[in-house]
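Line by line, the protein sequences are chains A and B. Heads up: the first sequence is residues 1 to 347, going by full-length UniProt numbering. Heads up: the second sequence is residues 1 to 347, going by full-length UniProt numbering. Step one of this worksheet: look at the structure below.
Protein chains: 2
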Amino acid sequence: MRATVIHAPHDIRVQEVPDPTIQQPTDVVLRVLRACICGSDLWAYRGEAARQPGQRIGHEFIGIVEEAGPEVSGFARGDLVVAPFVWSDGTCEYCAEGLTTSCPQGGFWGSVGSDGGQGEAVRVPFADGTLVKLPAAAASDDRLLTALLALSDVLGTGHHAAIGAGVKPGSTVAVVGDGAVGLCGVMAAKRLGAERIIALGRHQVRTDIARTFGATDVVAERGEAAVAAVRELTGGAGAHAVIEAVGTEESMRTAVGITRDGGSIGYVGVPHGSGTGLDLSVMFDRNIALRGGVAPVRTYIPELLPDVLAGTIDPSPVFDLTIGLNEVPVGYKAMDQRTALKVLIKP
Amino acid sequence: MRATVIHAPHDIRVQEVPDPTIQQPTDVVLRVLRACICGSDLWAYRGEAARQPGQRIGHEFIGIVEEAGPEVSGFARGDLVVAPFVWSDGTCEYCAEGLTTSCPQGGFWGSVGSDGGQGEAVRVPFADGTLVKLPAAAASDDRLLTALLALSDVLGTGHHAAIGAGVKPGSTVAVVGDGAVGLCGVMAAKRLGAERIIALGRHQVRTDIARTFGATDVVAERGEAAVAAVRELTGGAGAHAVIEAVGTEESMRTAVGITRDGGSIGYVGVPHGSGTGLDLSVMFDRNIALRGGVAPVRTYIPELLPDVLAGTIDPSPVFDLTIGLNEVPVGYKAMDQRTALKVLIKP
Numbered sequence: 001m002r003a004t005v006i007h008a009p010h011d012i013r014v015q016e017v018p019d020p021t022i023q024q025p026t027d028v029v030l031r032v033l034r035a036c037i038c039g040s041d042l043w044a045y046r047g048e049a050a051r052q053p054g055q056r057i058g059h060e061f062i063g064i065v066e067e068a069g070p071e072v073s074g075f076a077r078g079d080l081v082v083a084p085f086v087w088s089d090g091t092c093e094y095c096a097e098g099l100t101t102s103c104p105q106g107g108f109w110g111s112v113g114s115d116g117g118q119g120e121a122v123r124v125p126f127a128d129g130t131l132v133k134l135p136a137a138a139a140s141d142d143r144l145l146t147a148l149l150a151l152s153d154v155l156g157t158g159h160h161a162a163i164g165a166g167v168k169p170g171s172t173v174a175v176v177g178d179g180a181v182g183l184c185g186v187m188a189a190k191r192l193g194a195e196r197i198i199a200l201g202r203h204q205v206r207t208d209i210a211r212t213f214g215a216t217d218v219v220a221e222r223g224e225a226a227v228a229a230v231r232e233l234t235g236g237a238g239a240h241a242v243i244e245a246v247g248t249e250e251s252m253r254t255a256v257g258i259t260r261d262g263g264s265i266g267y268v269g270v271p272h273g274s275g276t277g278l279d280l281s282v283m284f285d286r287n288i289a290l291r292g293g294v295a296p297v298r299t300y301i302p303e304l305l306p307d308v309l310a311g312t313i314d315p316s317p318v319f320d321l322t323i324g325l326n327e328v329p330v331g332y333k334a335m336d337q338r339t340a341l342k343v344l345i346k347p
Numbered sequence: 001m002r003a004t005v006i007h008a009p010h011d012i013r014v015q016e017v018p019d020p021t022i023q024q025p026t027d028v029v030l031r032v033l034r035a036c037i038c039g040s041d042l043w044a045y046r047g048e049a050a051r052q053p054g055q056r057i058g059h060e061f062i063g064i065v066e067e068a069g070p071e072v073s074g075f076a077r078g079d080l081v082v083a084p085f086v087w088s089d090g091t092c093e094y095c096a097e098g099l100t101t102s103c104p105q106g107g108f109w110g111s112v113g114s115d116g117g118q119g120e121a122v123r124v125p126f127a128d129g130t131l132v133k134l135p136a137a138a139a140s141d142d143r144l145l146t147a148l149l150a151l152s153d154v155l156g157t158g159h160h161a162a163i164g165a166g167v168k169p170g171s172t173v174a175v176v177g178d179g180a181v182g183l184c185g186v187m188a189a190k191r192l193g194a195e196r197i198i199a200l201g202r203h204q205v206r207t208d209i210a211r212t213f214g215a216t217d218v219v220a221e222r223g224e225a226a227v228a229a230v231r232e233l234t235g236g237a238g239a240h241a242v243i244e245a246v247g248t249e250e251s252m253r254t255a256v257g258i259t260r261d262g263g264s265i266g267y268v269g270v271p272h273g274s275g276t277g278l279d280l281s282v283m284f285d286r287n288i289a290l291r292g293g294v295a296p297v298r299t300y301i302p303e304l305l306p307d308v309l310a311g312t313i314d315p316s317p318v319f320d321l322t323i324g325l326n327e328v329p330v331g332y333k334a335m336d337q338r339t340a341l342k343v344l345i346k347p
């Protein structure tokens, strides 16, 4: 089959690789129907996250089951399924608690020896624990399929941030980051009943999406000016619930600066850089909490899926460029240069 | 009256100062019956926290009301009262939410222009919002009076840490720090139903108190060895709820290292030092939350008071040296040199 392989920073190729096969009785092999490129894939692309030459890449996909191992009970050939960005056994203590990302048998798509989502097919370990079945009819609904793909990562990650930030009905929420996760954080906050949602972002195309997702205010400033603007919008106090969806020192500093005393930062931006951006003295004096991390999206899919199917929420607008598998290198370039927000792949 | 005054690092004196008087109609003047020295007072004593020469010091006290301003409705001459370590108006949005430490009209005892607790008398601003009445009979019960004094700070601060750490019935809890706050954290965790409480500390006198307060295990190691020991005690996983009651970079690093994936660190150690001790990448990968800060103990007193009065909990053993007001400089020296855990003052 053809799949995306990363050879070196900025050297992403679509090439022939061995077809996946059932290796464990709990495996499923599926054909990829939709995949996409994640902002976090760019860290590998830019060389800021180490990869061995030849690793696969891509961790968000929807597919159709081609073959199920003999111990797989929940899926059969022909099933339409969505995969979360981490596989997990579904049976351990962590999975039982919903923290599927800490499953000792879990792993990331594209890690050494495993398939990535940006290819024609994927071997899925622990299929019963990992995959979630979708209605077959969705396969013929292009818009819906795109929306459902967001369940793989960005929608569940935005939801995790909103939960970490403590969003409740009536909350005032601020969202740092106008990427796909930040926008999904806006959507998740709205879904959880936030009354006021302040989106921080400079790109009007993106902040326009934020508004359609539920943002009531947009702050285009950065750094200290952004802090001042959010404080002005909130009577000087800041937002009780703050979503941090970037992961840089500066974005975290902004998040701390705009959080109301006693509030929480729900952080889902993958941390990179040497500093944390956290001023612990400020957080201490003001009782600001920090909750979040890698999102256990598998746990959230059953909760979010009905709303996506019903159309109550529609994250599909975060995908603004659609390409075929052969064009994946072009897709990376577009996201790296920020000419695309999030790239949809139809293999 | 006589009161404790800090003139410079290591220069603490008990001297004559003006008698406090009612300055605002919401003030109370009270005579101090019991006060004490806090671990955080040592930062001023050691010059690690800046003070202007001549500032008063001490922020924990029980007293008897001598005079109440005309707008004070809750207290009258002769009432026995306990003061939390921050005064607060009791009427603002933050006080209504229970975050009394963020009250815009609030302040710390011993700040410039205000009395400190380590003296014969104190002017209490916003008495109705700040003070809590105690049963008059407690004044003649020496052991009970000492236990009640812990409501001023250490017991409520330990409780805040336990809440921040998410202690629930059945929790496994680890407590970093064997000072009075750490020990009260053990007590608070036990009170909230923790099943297993691992106290980290090297001083046997203190860890013996931890055991009487509810600790089921003691870890005497520090740093990496402490992390390994707690992990071994918890089947490799770490504790779901971790109380950080020191405030150094090393103690925070230990706290992160012993927290179970998906768990929380309740931090109440006043942060000092240049680094945070937080490895955000580790916290992100393992979904470790950080919650806490300066404890709004005023909010917790009504909840904790009945248990102290009933003797269900008795924090009085954290006070292991009793002195008169004139001996306060000796008390600081004893705590600085760690020959005393916490010093009780009978003015």
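All residues carry an ideal CB built from backbone N, CA and C; glycine is no exception.
Any C-beta of chain A under 8 Å from that of residue i
| i | result |
| --- | --- |
| B/D257 | It should be noted that the sequence gives Gly, not Asp, for residue 257 of chain B. With 8 Å as the cut-off, B/G257 does not count as an interface residue toward chain A. |
| B/G262 | yes |
| B/R291 | yes |
| B/L155 | no |
| B/L233 | no |
| B/N326 | no |
| B/P271 | yes |
| B/R286 | yes |
| B/L278 | yes |
Per-residue DSSP class, three states only, for residue i
| i | result |
| --- | --- |
| A/I301 | helix |
| A/V181 | helix |
| A/L131 | coil |
| B/H7 | strand |
| B/A237 | coil |
| B/V242 | strand |
| A/W109 | coil |
| A/A210 | helix |
| A/V81 | strand |
| B/F284 | helix |
| B/K190 | helix |
| A/R222 | coil |
| A/D217 | strand |
| B/I313 | coil |
| B/G292 | strand |
| A/L278 | coil |
Contact with chain B by residue i, beta-carbon distance below 8 Å
| i | result |
| --- | --- |
| A/S274 | no |
| A/V294 | yes |
| A/S281 | yes |
| A/R298 | no |
C-alpha distance - residue i paired with residue j, whole-angstrom precision
| i | j | result |
| --- | --- | --- |
| A/V343 | A/G324 | 10 Å |
| A/I62 | A/V154 | 14 Å |
| B/D89 | B/T130 | 7 Å |
| A/V82 | A/V175 | 27 Å |
| A/D178 | A/K133 | 30 Å |
| B/P104 | A/V32 | 57 Å |
| A/E195 | A/G166 | 13 Å |
| A/V230 | A/A239 | 8 Å |
| B/I37 | B/G119 | 12 Å |
| A/V294 | B/L290 | 15 Å |
| A/L233 | A/H10 | 41 Å |
| B/I197 | B/T312 | 18 Å |
| B/M335 | A/A255 | 38 Å |
| A/Q52 | A/G113 | 11 Å |
| B/R211 | B/G236 | 23 Å |
Residues near residue i in its chain [Cβ-Cβ closer than 8 Å; skip 5 each side]
| i | result |
| --- | --- |
| B/A228 | E221 |
| A/A139 | L33, I64, L80, L145 |
Beta-carbon proximity list for residue i, same chain, < 6 Å, skipping 5 on both sides
| i | result |
| --- | --- |
| A/A150 | P315 |
| B/G117 | A35, G58, H59, E60, F61, W109 |
| B/S102 | Y94 |
Chain-order list of residues whose beta-carbon lies under 7 Å from that of residue i (same chain, five-residue window excluded)
| i | result |
| --- | --- |
| A/A76 | V65, A68 |
Compile a chain-ordered list of the residues in the UniProt domain "Alcohol dehydrogenase-like N-terminal" (25-135) of chain B whose CB is closer than 9 Å to at least one CB of chain A.
-> With the criterion set as a beta carbon lying under 9 Å from some beta carbon of chain A, the members of the UniProt domain "Alcohol dehydrogenase-like N-terminal" (25-135) of chain B are E93, Y94, E97, G98, L99, T101, S102, in sequence order.
Residues from the segment 140-170 of chain A in contact with chain B, defined by Cβ distance under 8 Å = Answer set for the segment 140-170 of chain A: G164.
May I ask you to list, following chain order, the residues of the segment 192-216 of chain B that have a beta carbon less than 7 Å from some beta carbon of chain A?
-> Within the segment 192-216 of chain B, contact with chain A at the beta-carbon level (separation under 7 Å) is assigned to no residue.
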